[in-house]
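Numbering (our numbering), first residue to last: 95 to 507. Virtual Cβ for every residue (Gly too), placed ideally from N, Cα, C. Note that the coordinates shown come from a computational prediction; the quantities given were computed from them, not determined experimentally.
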Amino acid sequence: ISAIKTHAWGNEGHITVGNIAQNILTPEVAGRVKQIFQDPTFNGQLGPASIWADEVKHQKGEYYRWSESLHYLDTNDDPGKSCSVDVNKDCPDGNCIVAAIANYTEQLNCSNGGSVKTRDVALRFLTHFFGDITQPLHVCGRELGGNKQKITFDGEEKNLHSIWDTAMVVKRIGDFGDDVQKYADFLTNEIKTGMYEQNSTDWIACDSTKRRNSLFDNGSLQRRAEAESTRCPFVWATDTNSINCGFVWDYVDANPDADLSDEYYNQVQPIIDMQLAKGGMIEQSQSSRRLFSTPKQSNSRNIIGSLIFCDQCGNLLQFDEEGKLIECQVCDNSTNVQEFSDLKIVSKSDPNSFKSRLREKRSKIQENHQLNEEATIKDKCPHCGNEEMSFRTMQLRSADEGQTIFYHCKKCG
Numbered sequence: 095i096s097a098i099k100t101h102a103w104g105n106e107g108h109i110t111v112g113n114i115a116q117n118i119l120t121p122e123v124a125g126r127v128k129q130i131f132q133d134p135t136f137n138g139q140l141g142p143a144s145i146w147a148d149e150v151k152h153q154k155g156e157y158y159r160w161s162e163s164l165h166y167l168d169t170n171d172d173p174g175k176s177c178s179v180d181v182n183k184d185c186p187d188g189n190c191i192v193a194a195i196a197n198y199t200e201q202l203n204c205s206n207g208g209s210v211k212t213r214d215v216a217l218r219f220l221t222h223f224f225g226d227i228t229q230p231l232h233v234c235g236r237e238l239g240g241n242k243q244k245i246t247f248d249g250e251e252k253n254l255h256s257i258w259d260t261a262m263v264v265k266r267i268g269d270f271g272d273d274v275q276k277y278a279d280f281l282t283n284e285i286k287t288g289m290y291e292q293n294s295t296d297w298i299a300c301d302s303t304k305r306r307n308s309l310f311d312n313g314s315l316q317r318r319a320e321a322e323s324t325r326c327p328f329v330w331a332t333d334t335n336s337i338n339c340g341f342v343w344d345y346v347d348a349n350p351d352a353d354l355s356d357e358y359y360n361q362v363q364p365i366i367d368m369q370l371a372k373g374g375m376i377e378q379s380q381s382s383r384r385l386f387s388t389p390k391q392s393n394s395r396n397i398i399g400s401l402i403f404c405d406q407c408g409n410l411l412q413f414d415e416e417g418k419l420i421e422c423q424v425c426d427n428s429t430n431v432q433e434f435s436d437l438k439i440v441s442k443s444d445p446n447s448f449k450s451r452l453r454e455k456r457s458k459i460q461e462n463h464q465l466n467e468e469a470t471i472k473d474k475c476p477h478c479g480n481e482e483m484s485f486r487t488m489q490l491r492s493a494d495e496g497q498t499i500f501y502h503c504k505k506c507g
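See the structure below:
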């Protein structure tokens, strides 16, 4: 897909997804969304914000180009015969929609203390990516996600990807007087009291143990494999990818010269409805949970809330998750927990697992990188595309614990 410009669902589809989510937000969450969005053209609404991510990836600026690969997952399967998602093979560098949703979900999480800009940008990307991950050809590697598959639609030569993005969605909106909001309202009602009422719970559960166990085998993403933020987009991607078998490609392979605006469209139109509704439901659920998530209470069995390192001397700090500031016992520096949430290495722990987990993580890193001080390396940052990364060495509380090394981007931090 990377070789060709793509706009999953097109503007109409993305706005539909955003409008569905907006329709089912509680007043509290809708108010928080309005507070987060800093662009007045969004009017505090998810629908208008949903097309921003497509616009910036082709405009020179802070997000130009590097974010393009985050909109899809090029699977290494054989749609039409077999469909599957293997993130370890399909997304080895972490630059794909599964990892992007995991990343921006964590940035949006209110308990992580991100800045207003960080959370604003995260929500802009997410409101778009929740649409992308429900478009079948954005979780498909065949023919560059269908971009190279020539087809005919309404008598015009197009490519398969483009009709899933735009042509078939626009045709469907025509049933509602070309009114995107009316289409979104129809799908919203189907979620609340119609054909999707029973399905909607499954769409947002994303708790398949079978799928979760097949997540990342190694690398930095492995350490996040059990996190819900990574598991959910993997499950959604797997679900979307399966539509490429039985719906997207089968008819095209069997009828290469057919005009897809007739029988093919009639077959897949219910799928388009369902996927757009699913994207809206997922977006509403995740936005609500992340914008109002609350830290878990500490107790006697939970000796730490989170761990960070002192930004002055590198001493390991432990603090209650409700804390705002903590004083370092080595250098007396006061660290603002909210500013260093990205350095958390353990979300919770009991006394028996704390030291072993920390030591195991440190040993694995040091085994791969025999470094004792900061050193610049050449490695592309998955967040901003910068190729100058460094290792940040941090001293642990006691000398016998050695040192722990973290990747650090010199551009975006």
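Nearest neighbour of Trp343 by Cα position, chosen from Cys177, Gly112, Gln153, turns out to be Cys177. The C-alpha of Ile109 is placed about 23 Å away from the C-alpha of Glu156. According to the DSSP assignment, Asn253 belongs to the beta strand (DSSP E) that extends over 250 to 253. Bridge partners of Lys244 according to DSSP: Asn253. Separation of Asn203 and Leu385 (C-alpha to C-alpha, rounded to the nearest whole angstrom) is 6 Å. Around Ala261, the same chain offers Phe247, Lys252 as residues with beta carbons nearer than 7 Å, after the five sequence neighbours per side are excluded. The beta carbon of Ser379 lies closer than 6 Å to those of Ile298 in the same chain, with the five residues before and after it left out. Burial is judged here by how many other beta carbons sit within 10 angstroms of a residue's own beta carbon; Pro142 has at least 16 and is buried.
Under DSSP, Asp353 forms a beta bridge with Thr246. Ser176 is bridged by DSSP to Asp172.
Distance check between Thr221 and each of Val210, Glu200, Lys242, Ile195 places Ile195 closest, using alpha-carbon atoms only. For the set Asn360, Lys175, Cys234, the Cα lying nearest the Cα of Asp347 is the one of Lys175. Minimum Cα-Cα distance from Gly340 among the listed residues Leu354, Cys326, Ala352, Gln361 corresponds to Gln361. Per DSSP, reduced to three states, the secondary structure at Pro186 is coil, with no helix or strand assignment. Taking C-beta separations shorter than 6 Å and ignoring five residues to either side along the sequence, the partners of Gly112 in its chain run Leu140, Gly141, Ser144, Thr221, following chain order. DSSP places Gln129 in the helix class (H, G or I) of the three-state scheme. DSSP places Lys265 inside the alpha helix (DSSP H), whose first and last residues are 262 to 267. Counting C-beta atoms within 10 angstroms of its own C-beta, Met375 has 16 or more neighbours from the protein chains shown and is therefore classed as buried. Contact between Glu284 and Ala371 holds: CB atoms are separated by about 6 Å, below the 8 Å threshold. In chain order, Ile145 place their CB closer than 7 Å to the CB of Asn105, counting only its own chain and leaving out the 5 sequence neighbours on each side. The alpha-carbon separation between Ala193 and Ser336 amounts to approximately 19 Å.
For the options Gly107, Trp103, Ile114, the alpha carbon positioned closest to that of Asp279 is the one of Ile114. Thr334 sits close to Val233, with the two beta carbons spaced by under 7 Å. The beta carbons of Gln369 and Thr228 sit closer together than 7 Å.
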